[in-house]
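Beneath this line is the structure, given in structure tokens, with notes to follow.
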Amino acid sequence: MGFLYSQLFKTPSYPDGNFNGKTVIITGSNIGLGKEAGRHFARLGAAKLILAVRNIDKGQAATDDVLRTTGHKNTHVWNLDMSDYKSIQSFAKRAETELERVDIFIANAGVLRAEYNEVNGHEEGIAVNIIGTTLLMANMMPKMRETAARFNTRPTFTITGSVSYEYATFPQRSAPDGAILAVLSDRRTCEKYWSQQYSICKLAQLFIVRSVAERYSESELPVTINIVNPGLCRSELRREIQSWGSWLLELIFARSTQVGSRTLVHAGASGVETHGKYLSDCMIEEPKAMVTDAAGQENQARLSYEVFKAIEDIQPGVLQNFKGV
Ligand SMILES: NC(=O)c1ccc[n+]([C@@H]2O[C@H](COP(=O)([O-])OP(=O)(O)OC[C@H]3O[C@@H](n4cnc5c(N)ncnc54)[C@H](OP(=O)(O)O)[C@@H]3O)[C@@H](O)[C@H]2O)c1
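Residue numbers (our numbering): 702 to 1026.
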């Protein structure tokens, strides 16, 4: 009911305020929610906007579109492929060396496949939405921590999550300790529970945000980490899903990406009170009991532990990036 009410009766307000002096990075911003969030930030005067995309030509077309509609001249396209861990590391290094500051980072790139596809030994959604996004967050921390210290500000790292986490029954939680990620990527298990795969990724993102904030409180980490639900939006996300149900759902209930992206701008502009929080309709929302009750907390601890271990295996010492100097 909450979902239907939100889709039918709530409209996130049109972003105002100004982002003068701020550097904003948005991943997955050649189209959809990412591009529309970029357009809002550009319109509101962000000093510098980086569209982080895997296809430079598409990114350039988005930049041209943002320039044409807002007159914003300081929008740039940078390459980032979230399925390639080296690309994630190089992207963060480039931000560290070429940018003066990073105030707002919207980790928005996400994938919803119609069928199993393996990337880096994992199912693609697990590799991109969970492992890649967490690796990117950890790699961006040094620059964002430096921004906090140097400019006496509190940057924000926002992940675009989804209300669909509520539909994840997460049957793979019964896997033995240390084996959940492997089971989540196991082809047979994936095929059995495929309709769950995207929701589980979004549940995992929520777990990660909550876990990071539990490990690194707002006083230890000078960067706010939050997660935002943009609501169901008409975008290219379901490009591979050709079903009448999906088509009808979008037709009746979906927001435009221009409207949905307002929630990304709100989350990125939010303060310390949103550290570790789930935002929906531009408000902090308590996640469902399936996340907060004892079983949910145990699932969160077990899955987050595995994701943190996975990024440490890719890049030993990367978790140190969250800690103070
Ligand atoms: N639309 C909704 O109803 C909805 C609801 C809740 C949450 N979300 C979330 O919102 C975010 C944006 O989705 P959207 O609706 O705007 O869909 P979209 O139009 O399909 O945008 C997804 C973006 O992610 C990029 N991407 C995918 N895989 C990537 C990779 N390996 N490396 C780099 N970029 C990659 C895509 O790039 P390409 O164009 O090159 O593929 C695209 O720019 C996603 O995280 C999604 O889960 C969407």
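In this text, a Cβ means the ideal position worked out from N, Cα and C, and glycines have one as well.
| request: Report the residue ranges of all alpha helix (DSSP H) runs contained in full by the stretch 754-820; include only those spanning at least 4 residues, in chain order. | output: 757-771, 786-799
| field | Close Cβ partners of Y817 (< 7 Å) along its chain, the five nearest in sequence each way excluded | value | Its chain contains E824, R888, C891, E892 as the residues whose beta carbon lies nearer than 7 Å to that of Y817, once the 5 sequence neighbours on both sides are disregarded; these appear in chain order.
| request: Tell me whether the beta-carbon of S730 lies closer than 8 Å to the beta-carbon of N809. | output: yes
| Taking Cβ to Cβ, would you say A815 is nearer than 8 Å to I942? | yes
| How many Å lie between E797 and F1023 at the Cα? | 15 Å
| Can you find a heavy atom of ligand 1 that lies under 7 Å from the Cβ of A905? | No, the beta carbon of A905 sits no closer than 7 Å to any heavy atom of ligand 1.
| CA-CA distance, L813 and V829? | Looking at the two C-alpha atoms, the distance is approximately 10 Å.
| said: Shorter than 7 Å, the distance from the beta carbon of R795 to the closest heavy atom of ligand 1, or not? | reply: no
| query | Where H967 and A955 are concerned, what is the direct C-alpha to C-alpha distance, given to the nearest angstrom? | reply | 19 Å
| field | Endpoints, the alpha helix (DSSP H) within which V966 is located | value | 958-969
| Among N853, T835, S1005, Q761, which residue has its Cα nearest to the Cα of R802? | N853
| field | Proximal residues to V1026 (C-beta, below 6 Å), its chain only, five neighbours per side dropped | value | Note that V1026 scores 45 on pLDDT, short of 50, meaning its location in the model is unreliable; the coordinates nonetheless yield the value given after this. Cβ within range, chain order: n/a, list empty.
| said: Our contact map puts I789 next to L836 with C-beta atoms below 8 Å; I'd like the distance itself, whole angstroms only. | reply: 5 Å
| request: Name the two residues that bound the continuous alpha helix (DSSP H) containing E987. | output: Careful: E987 lies outside any alpha helix (DSSP H) and carries neither H nor E.
| task | Check whether the Cβ atoms of L745 and G703 lie closer than 8 Å to each other. | result | no
| said: Can you tell me which residues form a DSSP beta bridge with A926? | reply: It is worth fixing the name first, because residue 926 is Ile in this sequence and not Ala. Bridge partners of I926: F858.
| query | Which residues in the same chain as A753 place their Cβ atom closer than 7 Å to its Cβ, once the five residues preceding and following it in sequence are excluded? | reply | I726, I727, T728, S730, W779, L781, F792
| The alpha helix (DSSP H) spanning S707 covers which residue range? | 703-710
| query | Should L705 go down as buried or exposed, given a rule of 16 or more other Cβ atoms within 10 Å for buried? | reply | exposed
| Does DSSP put I732 in a helix, in a strand, or in coil? | coil
| field | E919 (DSSP reduced to helix, strand or coil) | value | coil
| query | Whose CA, out of E1013, Y786, T859, L933, lies closest to the CA of T712? | reply | Checked all of E1013, Y786, T859, L933; the closest Cα to T712 is L933.
| request: Could you check how far apart the C-beta atoms of V924 and P843 are, in whole angstroms? I think they sit under 8 Å. | output: Taking a contact as a CB-CB distance under 8 Å, the pair V924 and P843 does not count as one, their CB atoms being some 10 Å apart.
| task | Examine ligand 1 and report whether any of its heavy atoms sits within less than 7 Å of the Cβ of G739. | result | No, since every heavy atom of ligand 1 falls outside the 7 Å radius drawn around the Cβ of G739.
| request: Name the residue from Q898, A996, R935, G862 whose alpha carbon lies nearest to the alpha carbon of L949. | output: Here the closest residue by C-alpha is R935.
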